[in-house]
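Counting with the numbering used here, you get residues 466 to 1061 for the letters of the sequence shown. C-beta: ideal position from N, C-alpha, C; glycine also. The model shown is predicted, which means the values in this text are computed figures rather than measured ones. In what follows, a single structure is set out as structure tokens and then discussed.
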Amino acid sequence: MCGIVGYSGKKNAAPVLLEGLRRLEYRGYDSAGIAINTKKGIRSVKVKGKVAGLEEKLLEKPVVGSCGIAHTRWATHGKPSVRNAHPFRYNSFAIVHNGIIENWKTLKDDLIKAGYNFTSDTDTEVALICFCALFEKTQSIGKAILQLVKMLKGAYAFLIIDEQNPSTIIGVKNGNPLVVGKNADDIIAASDLTALLSFTNRAFFLEDRQFFVAGDGNIDFYNFEGGKISNTPVDVKWNQEEAKKGGYKHYLLKEIMEQPAALTRALAGRVDNLLFDELKNRITPKGRIICIACGTSYNAALCFKYFINMLSGVSVTVEFASEFRYQPHDLSADSLVIALSQSGETSDTKEALLRAKNSGAHTIAIVNSWESSIARAADETIYMNIGQEISVASTKAYTAEVALLYLVALRIASERGAAAEKIDAWKQKIKEVPKIQSNYLENSGSVEDIAKKYYKKKNFFYIGRGIGYPVAIEGALKLKELSYMHAECYASGEMKHGPISLIDSEFPTIAVAPPGGLRDKLFSNVSEIKSRMGQVILVSDSMLAGCDFIKMPKIDAWLSPFVYILPLQLFSYYAANLLGNDVDQPRNLAKSVTVE
Ligand code: M6R
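Here it is, written out as structure tokens:
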């Protein structure tokens, strides 16, 4: 989603802001812009397309000043265009915005009636003109902000600059992330820590319903009631090196390949003590266990559902956060709600978590992004510790989420009295996973050949049974988002209840077939597909005549979310690359989905 950056300091602002935008590119966007307070007032430059295009424009016609704001836009109100790109200007102010103003239409109608004119289709310009109208009345930035936030409905993080106060940046947060950092010479604010890291590792995170006024080396924080508040900086543990491609052509390939190392870090110090550093008290609830998440994080939770059920007979419900947040439910202090999110900023997951918390349930977040909104909102947080995931398609976060959930499952099984030998045997198996992954990744060449054979197809089925089924679901999601091919996943027993009617020689199926009792049943389903001229790519340790074969190592089927997922991720990567797609920033997608 949109990225915002602001700078005030002793440097020329444009290169700093461009570097900040480059660091936010991974979030996904369709246009970019910058506004700088120059000696002749605020000057802005905007482009449809990438930050590189903005940089070219700034090279042709530099805009010089030491305070400014910048933006990458992911269109919500109005199509991607220069007209709708941020920053917006009005009177002496310029604004950038991440989020959605839900009551923009009513506000805009009122402002038009009052004689104000608009130049874009965005909700952001409505917020700016509303602010300017309030400033005209109050002649005070602080008072105008306090009145503005009373009028706005929705989620937002704004950065505002003002020609009359040329070194000042104002940041306002309600529902979308905003962080600000400071060193001796510079103040830099952004929607994402990543944009700050080349300046400082000490960051001030704003809570919802807070704003800051910064400039000339000072940052003052306020709440929406107008009170001045204190804010203690946090030392950030990420570093910039982790955010580089490390010799790989794409972040995605790097992140797929670094899964063994990432998993080693996620598991470090946590397997033997079953997460006791993070979860100090008994976690087994008397009541329900519910996982809430979106996308890949949701798919990771599905693996947990299967695993804990096999391990201890416990039933877990997995809900899309976007549905859960609006459904009636019977949560109480006896319920455990686990929210999963790589970014820690997914709007639906955050709201679903808050809903669960408000109903009294105990909440645990499994999150990657340090000090993110979801991490801060949950009662207890388990960090993935896998370093930044930059490619929009999630890979290493998936395997880390499943691993941490497996530990949660073992912890619950142990608290419910499972035999120590059984738990210890699982701990040992989990410890071996990174090595199994490394061995596989070193010998995964056949996947690229299979991608070369199939990358021009338009449709794919993915099928699986048992724990192979949620793995196949995640495989299908990867193919869709990266290659833009239609990919649908079914529990293979369902094929004959409808989907098999689509099978012909042009509609291939990827069958995820780890060992175990259900594999023979899946093989029968594969035969039914082949009998109807369907091509099948079999991902298994056991071959079946007439299928293209992705050979897997002999492992326990319950480890397939860590190992069988690898060729599925690679297949999607190679197919997308062969098709010439933007692998790290697939069209229409964003890394951090901060709108509903
Ligand atoms: O940051 P989150 O884990 O909360 O993100 C959830 C989804 O938006 C995310 O997994 C999305 O589906 C990815 N593009 C999948 O690769």
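Who are residue i's beta bridge partners in DSSP?
| i | result |
| --- | --- |
| ARG667 | ASP700 |
| HIS551 | Partner(s): none; HIS551 has no beta bridge. |
| LYS1016 | SER1005 |
| VAL637 | PHE623, PHE676 |
| ARG508 | ILE501 |
| ASN688 | GLN675 |
| ASP651 | GLY474 |
| ALA559 | ARG554, ILE626 |
| GLY564 | TYR621 |
| LEU683 | This sequence places Asn at residue 683; Leu is not what is there. Note: ASN683 sits in a beta bridge opposite GLY680. |
| HIS827 | LEU801 |
| VAL832 | SER806, TYR848 |
| ALA842 | In the DSSP output, where bridge partners are listed per residue, ALA842 has none listed. |
| GLY533 | TYR472, ILE501 |
| SER496 | LYS513, ARG538 |
| TYR955 | ILE928 |
| ILE413 | Since the first residue of the chain shown is 466 and the last is 1061, residue 413 is not available in this structure. |
| VAL644 | ALA655, PHE670 |
Compute the Euclidean distance between the alpha carbons of residue i and residue j, then round it to the nearest angstrom.
| i | j | result |
| --- | --- | --- |
| LEU1043 | TYR713 | 16 Å |
| PHE772 | VAL802 | 17 Å |
| LYS504 | GLN629 | 11 Å |
| LEU805 | SER546 | 34 Å |
| CYS467 | ALA858 | 17 Å |
| LEU740 | LYS751 | 20 Å |
| LEU718 | ASN904 | 16 Å |
| GLU953 | ARG790 | 25 Å |
| ASN502 | THR584 | 21 Å |
| PRO1051 | GLU939 | 16 Å |
| TYR472 | ALA478 | 6 Å |
| LEU524 | LEU486 | 16 Å |
| ALA598 | MET616 | 12 Å |
| ARG930 | ASP588 | 46 Å |
| THR749 | VAL873 | 9 Å |
| ASN1053 | PRO979 | 33 Å |
| ILE653 | GLY910 | 44 Å |
| LYS1016 | TYR1029 | 10 Å |
| ALA535 | GLU521 | 15 Å |
| ALA620 | GLY498 | 21 Å |
| VAL1060 | ASP813 | 8 Å |
| ALA948 | PRO1032 | One detail in the question is off: residue 948 reads as Ser in this sequence, not Ala. Straight-line Cα distance between these residues: approximately 15 Å. |
| ALA649 | PHE686 | 18 Å |
| LYS822 | SER780 | 21 Å |
| SER695 | ALA679 | 14 Å |
| ALA878 | GLU836 | 30 Å |
| ASP844 | HIS827 | 7 Å |
Please check the pair residue i and residue j, which I expect to be a contact at CB under 8 Å, by giving their CB distance rounded to whole angstroms.
| i | j | result |
| --- | --- | --- |
| GLY533 | LEU482 | 6 Å |
| ASP737 | LYS476 | The pair is not a contact, with the Cβ atoms about 48 Å apart (cut-off 8 Å). |
| ASN990 | ILE928 | 6 Å |
| THR537 | TYR494 | 4 Å |
| ILE831 | LEU1024 | Contact flag wrong, Cβ pair sits at about 19 Å. |
| LYS986 | ASP1006 | The Cβ separation is near 17 Å, so there is no contact. |
| SER509 | PRO552 | 5 Å |
| LEU1003 | ILE895 | At roughly 26 Å, the Cβ-Cβ gap does not stay under 8 Å, so LEU1003 and ILE895 are not in contact. |
Whose C-alpha, out of the options, is nearest the C-alpha of residue i?
| i | options | result |
| --- | --- | --- |
| LYS693 | LYS710, LEU671, VAL701 | LEU671 |
| VAL1048 | ILE855, ILE560, VAL561, GLU836 | ILE855 |
| GLU886 | LYS945, LEU776, ALA976 | LEU776 |
| LEU611 | TYR934, GLN1050, LYS710, LYS638 | LYS638 |
| ILE507 | LYS618, TYR1039, GLY530, GLY760 | GLY530 |
| LYS921 | LYS892, THR828, HIS962, PHE1036 | PHE1036 |
| ILE566 | PHE623, PRO725, ALA535, ALA916 | PHE623 |
| VAL912 | ASN556, PHE600, ASN774, TYR1039 | TYR1039 |
| GLU907 | GLY564, ILE839, MET722, ILE577 | MET722 |
| ARG1095 | LYS861, GLY981, LEU819, CYS768 | This structure does not reach residue 1095, given that the chain is present from 466 up to 1061, and the question cannot be answered. |
| PHE925 | ARG747, SER1057, VAL779, MET960 | MET960 |
| SER992 | GLU720, GLY958, LYS900, ALA890 | GLY958 |
| ASP627 | ALA883, PRO1026, GLY607, GLN893 | GLY607 |
| SER834 | TYR848, VAL977, ALA865, LYS894 | TYR848 |
| SER762 | ASP742, ALA786, ASN774 | ALA786 |
| PRO725 | SER496, VAL977, GLU897 | GLU897 |
| ASN549 | ASN556, GLY809, GLY1011, HIS562 | HIS562 |
Are the C-beta of residue i and some C-beta of chain D separated by less than 8 Å?
| i | result |
| --- | --- |
| LYS526 | This model lacks chain D altogether; it includes just one protein chain. |
Which residue spans inside the segment 791-820 form an unbroken beta strand (DSSP E) run of at least 3? With a minimum length of 3 residues, the continuous beta strand (DSSP E) runs that stay inside the segment 791-820 are 801-806.
Going residue by residue through the segment 1028-1052, where are the continuous beta strand (DSSP E) segments of at least 3 residues, counting only ones entirely within it? Note on the segment 1028-1052: there is no whole beta strand (DSSP E) run with a minimum of 3 residues.
For a minimum of 3 consecutive residues, which ranges assigned as the beta strand (DSSP E) are wholly contained in the segment 963-1006? Runs of the beta strand (DSSP E) lying entirely within the segment 963-1006 and spanning at least 3 residues, in chain order: 974-978, 1001-1005.
Whole alpha helix (DSSP H) elements within the segment 723-795, 4-residue minimum: Listed in chain order, the alpha helix (DSSP H) runs fully inside the segment 723-795 are 724-732, 760-777, 786-789, counting runs of at least 4 residues.
Let me know the alpha helix (DSSP H) ranges lying completely inside the segment 888-933, each 4 residues or longer, listed in chain order. Qualifying alpha helix (DSSP H) stretches, in chain order: 911-919.
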